[in-house]
Structures are given as structure tokens and as C-alpha cells.
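> Before I ask anything, here is the structure I am working with.
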Amino acid sequence: MTKIISSPNCGNSPKMEFLKQFNIAFVEGNVAFLTENVTDDIVWNMIGDKKLKGIKAFTEELEKMQSVKASELILNQILSHGKEGAANGVMTMENGKQYAFSDFYLFQSAKGEKLKEITSYCIKL
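The letter at position 17 of the sequence shown is residue 19 when you use this note's numbering, and the numbering goes up by one with no holes.
Dropping the structure here:
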């Protein structure tokens, strides 16, 4: 089970709480939750690596990542404003490798039902 350490208090912001749960689902490999909460035309831009377009490519990439498990997720910041959101922190993998990340999100609408775009920066520490 992944240890979750979250500094931000998301209690008064449904979008910030959603982004917290989205990040937790990512490190826990909960593909069903992730795919249910993005649009069919999702764009995932992994800076310096690749850019995926569409739910099929998104799902396939998540399934490839299933083999690498995180032992710890530290969420340092979660922000949201209008149709935009962001999160950053550190993931520690079961093999001991650590990655610092910043993800920027664009919601489908200001209500924040689903994500339509994710831009990810990830650096091995």
C-alpha cells in the first residue's frame, strides 16, 4: 500500500480534493478512476518524453505504468482556479528511485467535471 503524505488542506475546494484523489489514483494504478475522470479527447503532454492524444492512448500508457509501483507519494501543493489546476510533489518508487513532479491540469469546464489536458514535468532525483 502506498503511503500518502499531503500537505495541502483541500477541505473547502472540491477541485483541489479531486486533484488530490486523482494523484493518489495515479500512484496506486487505479486506471478505472483515472479514465473515468478525463474526457475522451484527453491530451497528456509529458514534457521531454511524449504527447498522448485520446482516451485510448491515455489508457494504454497508464496500463504500461502498472508494472512500476510507488511506495510513497508526497503532495506539496495543490492549486485550482477556474478551469485550471496544478499539483506538485515527490513519488518514491518501490525500487527506491524518487521523482519530483509538477502536473498542470485543464478542466473541461469551470465546474471541473473532467480533465481535458494534463501537462507533466517529471525529474528523477
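Ideal placement from N, C-alpha and C gives every residue a C-beta, glycine not left out. If you're wondering where the values come from, they're calculated on a predicted model, not measured in any experiment.
Can you list, in chain order, the residues of its chain with a C-beta nearer than 7 Å to that of residue 125? Leave out the 5 residues immediately preceding and following it.
Start at 1 with the first residue of the sequence shown, and residue 125 comes out as number 123. Taken in chain order, the residues that qualify are 101, 102.
> May I have the straight-line CA-CA distance separating residue 48 from residue 28, to the nearest angstrom?
On the sequence shown, residue 48 is found 46 positions in, with the first residue counted as 1. On the sequence shown, residue 28 is found 26 positions in, with the first residue counted as 1. Those two C-alpha atoms are separated by around 14 Å.
> Between which two residues does the beta strand (DSSP E) holding residue 78 run?
For the purposes of this step, residue 78 is taken as the residue at position 76 of the sequence shown. Run containing residue 78: 72-83, per the beta strand (DSSP E) assignment.
> Could I get the ranges of all uninterrupted beta strand (DSSP E) runs contained in the segment 32-119, with 3 residues as the minimum, in chain order?
If we require 3 residues or more, the beta strand (DSSP E) runs fully inside the segment 32-119 come out as 40-48, 52-55, 72-83, 86-95, 100-109.
> Alpha carbon to alpha carbon, how far is residue 68 from residue 96? Give it in angstroms, no decimals.
In the sequence shown, the residue the question calls residue 96 occupies position 94. In the sequence shown, the residue the question calls residue 68 occupies position 66. Using only the alpha carbons, I get a separation of about 12 Å.
> Taking all protein chains shown into account, decide if residue 120 is buried (16 or more other Cβ within 10 angstroms of its Cβ) or exposed.
Here residue 120 corresponds to residue number 118 of the sequence shown, with the count starting at 1. The residue is buried, with at least 16 neighbouring Cβ atoms inside 10 Å.
> So the alpha helix (DSSP H) residue 10 belongs to, where does it begin and stop?
Here residue 10 refers to the residue found at position 8 when the sequence shown is read from its first residue. First-last for residue 10: undefined, no H or E at that position.
> Can you list, in chain order, the residues of its chain whose CB lies under 8 Å from that of residue 112, leaving out five sequence neighbours each side?
Residue 112 sits at position 110 when you count from the first residue of the sequence shown. For residue 112, where only same-chain residues beyond five positions count, the Cβ hits under 8 Å are 84, 85.
> Give me, in chain order, the residues of the same chain whose beta-carbon lies closer than 6 Å to that of residue 63; leave out the 5 immediate sequence neighbours on both sides.
Translated into the one-based positions of the sequence shown, residue 63 becomes position 61. Contacts found: 54.
> Compare the C-alpha of residue 56 against each of 45, 50, 66, 65 and name the closest.
Here residue 56 corresponds to residue number 54 of the sequence shown, with the count starting at 1. When C-alpha distances from residue 56 are compared across 45, 50, 66, 65, the shortest belongs to 45.
> Report yes if the CB atom of residue 94 is closer than 8 Å to the CB atom of residue 60, and no otherwise.
Along the sequence shown, read from residue 1 onward, the residue named residue 94 stands at position 92. Along the sequence shown, read from residue 1 onward, the residue named residue 60 stands at position 58. Result no, Cβ atoms of residue 94 and residue 60 do not sit closer than 8 Å.
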